[in-house]
Structure formats: C-alpha cells, structure tokens
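> This structure is in structure tokens; I'll ask about it shortly.
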Amino acid sequence: MPLVINTNVSSLSAQRSLTANTNALARSMEKLSSGFRITRSADDAAGLQLSENLRAQIRGTKAALNNVQDGINVLNIADGSLSTVTSNLQRMRELAVQAANDTYDATQRNAMNEEYDQLEADINRIFLSTEFNGVRLFDAATSGLTEFNIQVGPNNTANDTIDLVAEGVPFDTTLNTADVAGNGAADVSTGFVNLDNSLNAGNAIAALDDGIRELNGVRATIGAITSRLENAATKLRIDDENLQASESRMRNVDVAAESAELVRNQILQQASASVLSQANQVPSLALSLLG
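Each residue of the sequence shown is one higher than the one before, counting from 1179 in the working numbering.
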C-alpha cells in the first residue's frame, strides 16, 4: 500500500470496524438490558411476526380461561339454587305423604298446608331471584335469554363456544312451580295441588315426584357441563404454559450466550479503537521522509 497523506485508507477501514463493533456492542447491551432477543422488526422480521401471533394466542387463552371460570361460577350458582329447590320439594313431599293419612283433622291439615304453600312460594322466589352479574338465570321473561354462550377458546370457531341453553340448561325459560310440577300451567299457584284431603295429597306426591325427577335431570346436566368446563380450564392452562414457553424461546434473549457476545464485542471495540489510533499516525510517517 502506498504511503499517502490525503487519503488514509487504513484509518477509514479502522473507523468502519470501530463503528460496526460499537453498534454490535450497543445491540448486545440493549438485548441484555431488555431481556429480549427481538426488540425491533429488523432483528428478526419473521420471528417478530410469530412472536406477536403467539402473544395474541396467549392473551386470548387467558381471557378464555377467565370466561370458563365465569361459566363455572354461573353453573354453580344455578346448581345451588336448584339444590335448595330440591330440598323444598323433598319437604313438600314429606308433608304430602303425611297428609295422605286420614288420621288428621282439618285443623292439622291446614297447618300442613300452610307450610306446604310457604315452601312452594319460596321455590318461586328462588327461581326469580337467582342471577349472575345482574342477569336472572331462570327468568327468561325478564332477562330475554334465548342462548347463553361461554367462550372457552381463544379463537372464533364453533369449537371455542359452548351454548349452555343448547346443552340443556334452562336459562331460556321462566321457571316456577308449574314448570317443576310438569303440568304446563301458566298460573304458578296451580303448580302443586294442596293437601286439603288424602286424595289431593296423593296427587301432590305424584306431582312432586315428577318435579324432583325433572330437577335431578337438570342438575345432572349442569354437573356434566361443569365437569366439561373444568376440563376446558385445565386444557387452557396447559395451552397457556406451552404458548408462553414457545413465545419465550422465540423472543427472549439467551443471557449466557448474549453475555459472551457482549464480551466479544467489547474486545473487538477496544481492538478497533487501538488500531484506529495507530492508523491515524500513518500519514505522519510521510513527514519524516520530507524532513
């Protein structure tokens, strides 16, 4: 290489190397300080796209898990109310069996009837007051429910939604003792016959048996769906764990490897600076030839 004064090629080359090594050192510091391997699209365009897609899935999975928990809570509330209704029906049946015996006079039957009527009224109260987040679950006339969807997945597909009504939970119905008795009567007061005489008491036993059987079926359906939602929640937790692991491998920095890269870039930067200092002294050699 000729010895010249106006253009110091060695210095330009050393400057370029120093700039590159300084930039690489800054990138290593940025990665280690942020904890991310990808901090901008220029780092890995395809990797960034995949990482963002995984993040969307992760956030959707977490939201779906919250939805499933809400769905389980709804079913637990419904089952709790139906459990109380069933207890009332069991007591009403007990009274009906007692009243079917002709050893009781009118006064004693009236006492049984009073408790019987109060239990029936309480059933109607339970149906009308059972709600979740302000929505009445067994009063479709007020709530307007025709379906009750639970979003159990992070995507918009048929497999990501469960309609509780379609599965057999009667949230689209206004329940009362008439419905429980199975006689289709519109007037709730006729849901179960009274206990005025042994004949009516016998008819009440049959109606109550139908009601208990019907509620048992509904509660069995609720229990099966609750179990299904609990399984869905377990799967969502596993999905969340796997998605986060995949996203971490794609986006997060390997601290050990990047620390080694940081040390390498520091050494290269120092070497470049040293070489640049020496290269800048090359033109001065020409002066010695002129002197």
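C-beta atoms are modelled at their ideal positions from N, C-alpha and C, and glycine is treated no differently. This one's a predicted model, so the numbers in the text were calculated from it and none came from an experiment.
1) Does the separation of the CB atoms of K1209 and V1453 fall below 8 Å?
2) What are the partner residues of R1314, as DSSP defines its beta bridges?
3) Three Cβ pairs or more, each shorter than 8 Å: is that satisfied between the segment 1286-1303 and the segment 1370-1377?
4) Is DSSP giving I1416 helix, strand or coil here?
5) How is the alpha helix (DSSP H) around D1248 delimited, first residue to last?
6) Mind checking whether I1400 and V1347 have CB atoms under 8 Å apart?
7) Considering only residues of the same chain and omitting the five flanking positions on each side of V1275, which have a CB-CB separation below 8 Å?
8) What does the Cβ neighbour count give for I1301, buried or exposed, with the cut at 16 atoms within 10 Å?
9) Taking DSSP as the reference, what is the three-state secondary structure of N1361?
10) Taking just the CA atoms, how far does M1428 sit from I1445?
11) Alpha carbon to alpha carbon, how far is T1320 from R1314?
12) Pop quiz: N1443 and L1203 are said to be a contact at Cβ under 8 Å. What is the actual Cβ separation, rounded to whole angstroms?
13) Ordered along the chain, which non-local residues of its own chain (more than five positions away) have a Cβ less than 8 Å from that of L1407?
14) Which of helix, strand or coil does DSSP assign to D1338?
15) The alpha helix (DSSP H) with Q1456 in it runs from where to where?
16) Could you check which residue in Q1227, A1451 and L1414 has the C-alpha nearest to that of D1338?
17) Which of the three DSSP states, helix, strand or coil, is assigned to T1352?
18) Is the segment 1390-1405 in contact with the segment 1261-1280, if contact means three or more CB pairs nearer than 8 Å?
19) Which value, in whole angstroms, describes the spacing of the CA atoms of D1350 and S1426?
20) Per DSSP, I1328 forms a beta bridge with which residues?
21) Below 8 Å on the Cβ atoms is my guess for D1418 versus T1217; work out the distance and round it to an integer in Å.
22) Could you say which of T1324, P1332 and T1335 lies nearest to E1345 if we only look at CA atoms?
Taking the coordinates as given:
1) no
2) E1309
3) yes
4) helix
5) A1223 to A1277
6) yes
7) A1379 and I1383
8) buried
9) The predicted position of N1361 is uncertain, since its pLDDT is 46 and thus under 50; no value can be drawn from it.
10) 28 Å
11) 7 Å
12) 4 Å
13) V1246, G1249, I1250, L1253, I1328, V1330 and I1340
14) helix
15) V1433 to A1457
16) L1414
17) strand
18) yes
19) 44 Å
20) I1340
21) Not really, about 24 Å apart at Cβ, beyond 8 Å.
22) T1324
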